[in-house]
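As you go down the protein sequences, you meet chains D and A in turn. Residue numbering for the first sequence follows our numbering, beginning at 1 and increasing consecutively. Residue numbering for the second sequence follows our numbering, beginning at 1001 and increasing consecutively. Every residue gets a Cβ at the ideal spot worked out from N, C-alpha and C, and that includes glycine. Keep in mind the model is a prediction, meaning the values are calculated, not measured. Written out below as structure tokens is the structure these notes cover.
Protein chains: 2
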Amino acid sequence: MKRDSRLSSVLHALLHMAEHDGPMTSDDLAKCLGTNPVVVRRSMGFLRQAGIVASDRGHAGGWRITADLSVVSLRQLHDALGEPALFAVGNRNELPECLVEQTVNAALDQSFAEAEALLLKRFGEITLADLAADFTLRHAARRNQRET
Amino acid sequence: MKRDSRLSSVLHALLHMAEHDGPMTSDDLAKCLGTNPVVVRRSMGFLRQAGIVASDRGHAGGWRITADLSVVSLRQLHDALGEPALFAVGNRNELPECLVEQTVNAALDQSFAEAEALLLKRFGEITLADLAADFTLRHAARRNQRET
DNA sequence: CGAATCATAACTATTGATGTTACATGAAGC
DNA sequence: GCTTCATGTAACATCAATAGTTATGATTCG
């Protein structure tokens, strides 16, 4: 399967929205992301269900952020997207009768569970506000670099 | 993409080989794993390149473990398989010009790097000998349970 | 020689995200 | 009201990588 980049995509979209006054249309966002507006609607639709964004139709419509940037974590976005599988590697058979395979699964499951817990913990610690602040820093740094 | 279960598969195969006297054919292993002998040869071929197993053709041929069980870690097996991507989730674009996307990537990369480091560390700590020992315990436990 | 077995190429199946096209629905402006 | 702009959604094509299958060749041993 292709790599799932929806979390990356919605973060990119949300940060553009945060830096932009007024709503942004799916077409605007699709151009930012280099993709198709339908793809944008699909992913953003999940965030709407989670109450993170809202959409308006018609003239001057589009997407806007309704939640507080400092409250929305990457973890919440991941959950809003339906908690897609994080790992590309896994057990061949989840409920094997074979005792050998049960042994193998137990070892792998343990390792994956620890890595997943750490990843979700990190996701829980990073908010949209953190990313917006980091962006501001990077933006300023780029300006300084240009001026020298 | 389909979930990559090659690490799980070769572990299952190696543990059966460890419990079995003499070489096992690709057909034997395919039956244990519930798959096709060609699939077995494909995965085991990587382990042969890494010097972990050897194969013999002809009568009484098949696969045998050539390395010390206490030396081969899950990490080595993962490496032998070509270090396939561990995560199903990732950045939409690895080298974006857009500063917003760079900000998003940096945050995600950091989190994924930490989780990957932990996972590989765990993989490095678990050897085939550990799994074989765990299997022995499970085997004994099942026997006891039957007898009660 | 002949059977057993690996080696390998070529092809199909699978799976889920991604991309695209088409059309319906609703809101704002004239 | 009509047109335009926008989302909502269905339907289908594309893609990428493993997994599975078939077929054929190459070795080894009795």
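Taking CB distances under 7 angstroms as the criterion, tell me whether glycine 22 (chain D) reaches chain A.
Chain A contact via Cβ: absent.
Given that aspartate 4 (chain D) touches chain A, what residues does it touch there, using C-beta distances under 7 angstroms?
Result: Ala1088, Val1089.
Between which two residues does the alpha helix (DSSP H) holding arginine 146 (chain D) run?
First-last of the alpha helix (DSSP H) with arginine 146 (chain D): 128-147.
What did DSSP end up calling arginine 1064 (chain A) once you bin it into helix, strand or coil?
DSSP places arginine 1064 (chain A) in strand when its eight states are reduced to three.
For a contact defined as C-beta to C-beta under 8 angstroms, what are the partners of glutamine 102 (chain D) on chain A?
Arg1138, listed in chain order.
Using 8 angstroms as the Cβ pair cut-off and three pairs as the minimum, do the stretch 1089-1107 of chain A and the stretch 1060-1072 of chain A touch?
Touching, no.
Say whether chain A places a C-beta atom closer than 7 angstroms to the C-beta of alanine 85 (chain D).
By this cut-off, alanine 85 (chain D) is an interface position.
Chain A contact residues for alanine 115 (chain D), given Cβ-Cβ distances below 7 angstroms
Residues of chain A with a Cβ closer than 7 angstroms to the Cβ of alanine 115 (chain D) are, in chain order, Ala1115, Leu1118, Leu1119.
Quick check on alanine 1018 (chain A) - is its C-beta less than 7 angstroms from some C-beta in chain D?
By this cut-off, alanine 1018 (chain A) is not an interface position.
Please find out if some non-hydrogen atom of the ligand FMN comes closer than 6 angstroms to the beta-carbon of aspartate 56 (chain D).
No copy of the ligand FMN appears in this structure; indeed no ligand is present at all.
Is DSSP giving valine 1089 (chain A) helix, strand or coil here?
Valine 1089 (chain A): strand per DSSP, three-state reduction.
Within 10 angstroms of its Cβ, does leucine 1095 (chain A) collect 16 or more other Cβ (buried), or is it exposed?
With fewer than 16 Cβ atoms within 10 Å of its Cβ, leucine 1095 (chain A) is classed as exposed.
Alpha carbons only, please: which of D:Glu101, D:Asn36, D:Pro84, D:Glu83 is nearest the one belonging to histidine 1139 (chain A)?
When C-alpha distances from histidine 1139 (chain A) are compared across D:Glu101, D:Asn36, D:Pro84, D:Glu83, the shortest belongs to D:Glu101.
Straight-line gap, alanine 1013 (chain A) to leucine 1033 (chain A) (C-alpha atoms, nearest Å):
So the two alpha carbons sit approximately 7 angstroms from each other.
Counting C-beta neighbours from all protein chains within 10 Å, is the total for glutamine 1049 (chain A) 16 or more, i.e. buried, or is it exposed?
Exposed, since its Cβ has fewer than 16 Cβ neighbours within 10 Å.
May I have the straight-line CA-CA distance separating threonine 66 (chain D) from alanine 1117 (chain A), to the nearest angstrom?
Just so you know, the alpha carbons of threonine 66 (chain D) and alanine 1117 (chain A) end up roughly 36 angstroms apart.
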